[in-house]
Every structure is written in C-alpha cells, then in structure tokens.
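Residue numbers (this note's numbering): 36 to 264.
Accompanying notes for the structure given below.
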Ligand SMILES: C[S@@+](CC[C@H](N)C(=O)[O-])C[C@H]1O[C@@H](n2cnc3c(N)ncnc32)[C@H](O)[C@@H]1O
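This is how it looks when you write it as structure tokens:
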C-alpha cells in the first residue's frame with residue numbers, strides 16, 4: 036500500500052489546532068468540502084437541508100441515537116474521523132480523552148470552542164485527512180465516524196490505519212448514508228457503499244461488522260469490532 040509512514044509526519048499546534056508540517060517546513064493544506072468561509076453555516080445546513088432533504092431523516096433522532104450509543108463510554112481514548120464542527124461533544128461524555136481530525140480548518144475552529152464549552156479537559160484536534168493519520172499503533176479504545184465515510188477517496192486506507200491505531204477488541208462506530216435507503220433523487224456527496232459492501236470491506240480488515248436496527252432515512256448505523264490483528 037502506497038502510504039507515508041506516520042512516524043515521519045511532524046505537526047505544529049496553533050491556537051489549539053494541530054497542523055501537519057511538510058518536508059519543506061510549510062503547513063500542509065487540505066481542500067475542504069465546504070469552504071472554510073461557510074463553516075459558521077454548517078450546523079444550520081445539516082439541520083435544515085442535509086438531514087431533511089438529502090437523507091430524508093431527522094437530526095434530533097440522530098442525536099438521540101448517538102447519545103444512547105455513547106452514554107456508557109467513559110475514560111477512554113476516543114478517535115473521531117471527520118470531527119466537523121464538533122457536534123459529538125454534545126453526546127460523548129466529557130471524561131473521555133478525545134482526538135478528532137478533519138480537513139476543514141474552519142470547522143475545527145468551531146469544534147475547538149465547542150469541546151472547551153462542554154468541559155472536555157483532554158482533547159486534541161488535527162487538520163488532516165482520513166488518509167493521513169499521524170497516531171501510534173494501539174492508541175485508541177474507540178473510534179467513530181459520523182456521516183463522513185462517503186466523503187473519503189479510499190476507505191481501505193482508513194481501515195488499514197484504524198486496524199493499526201485501535202487496540203484489539205475496540206469498537207468503531209459509524210453512521211453513513213447507504214444507497215439502498217437513499218431517497219431516489221437525492222444527490223448525496225461522494226461514494227455510497229451498500230450495507231453488504233461495507234460488511235465485506237470491514238471483514239477484509241478483520242472487523243466484525245454489525246448493523247444497528249435504527250431507522251433514520253438514508254442512514255445506516257453500524258459497529259465494527261476489531262478482532263485479533
Ligand atoms: C457531513 S460532515 C460530518 C461532520 C461530523 N462528523 C458530524 O457528524 O457533524 C462531513 C465532514 O467530513 C469532512 N471530510 C471530508 N473529506 C474528508 C477527508 N478526506 N478526511 C477528513 N475529513 C473529511 C468534512 O470537512 C466534514 O467536516
């Protein structure tokens with residue numbers, strides 16, 4: 036697999052956000068899905084447009100589900116892939132050690148204020164992509180990716196890294212739109228994988244895939260537990 040060694044990646048922290056530094060000493064830039072200038076509108080776009088129009092779903096129900104799933108997670112090392120504006124801080128208990136990554140600087144700045152306001156004592160945010168994760172092996176007890184898997188160019192690169200960074204028997208929780216539940220004319224961004232395809236891809240990386248029985252428009256909720264590496 037053509038992948039940079041994470042140990043060669045250095046970072047610099049500015050105003051609470053960690054940035055990747057390239058060989059020439061410059062900060063690595065990522066092109067965000069939503070221009071940084073629109074970050075202040077992000078939560079409104081999710082609630083008023085993406086959930087009802089693209090997903091045919093309900094954002095309040097989504098948060099109830101996440102709250103139920105995360106309420107018993109305490110004192111863990113949690114990794115979130117694609118933090119966005121930090122909405123997970125509303126539903127994840129604040130005694131966890133949280134690490135979040137996202138390609139959008141603007142959204143990470145929002146997330147920083149949110150995690151502070153929610154009383155997280157131990158959190159780190161990184162401006163990087165799901166394909167470049169500069170974290171050591173066997174670091175995390177729990178990983179999560181909400182409504183973002185469809186954005187990534189190569190989810191196998193992510194799974195390869197997740198298997199490396201997660202401790203054995205840890206859980207990856209995911210919510211993602213899937214084609215078989217998608218409203219007919221809805222143009223959801225990125226690549227949509229069916230439940231069957233997701234199951235097969237996760238199995239390839241030694242994860243036990245289990246879909247959750249929740250119904251919320253186009254969204255599938257599932258967990259994948261990392262068996263022996
Ligand atoms: C629909 S938002 C979901 C954000 C958040 N998880 C939530 O539930 O509100 C999708 C997020 O994926 C991020 N994103 C898109 N492509 C990415 C990539 N390759 N690596 C990391 N983050 C990415 C976007 O910047 C955005 O924050």
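Glycine included, every Cβ here is placed at the ideal spot set by N, Cα and C.
In whole angstroms, what is the alpha-carbon distance linking residue 230 and residue 253?
-> 11 Å
Under the three-state DSSP convention, the category residue 131 falls into = coil
Assign residue 58 to one of two classes, buried (16 or more other C-beta atoms within 10 Å of its C-beta) or exposed (fewer than that).
-> exposed
Heavy atom of ligand 1 within 7 Å of residue 87 beta-carbon = no
What are the partner residues of residue 137, as DSSP defines its beta bridges?
-> 162
Would you say residue 82 touches ligand 1, meaning its beta carbon is less than 7 Å from a heavy atom?
-> no
Going straight from the alpha carbon of residue 38 to that of residue 88, what length do you get?
-> Residue confidence for residue 38 is low, a pLDDT of 47 falling below 50, so the modelled location carries little weight and cannot support an answer.
Residue 78 versus 141, 135, 105, 47, residue with shortest Cα-Cα distance = 141
Go ahead and pull the three-state DSSP assignment for residue 94.
-> helix
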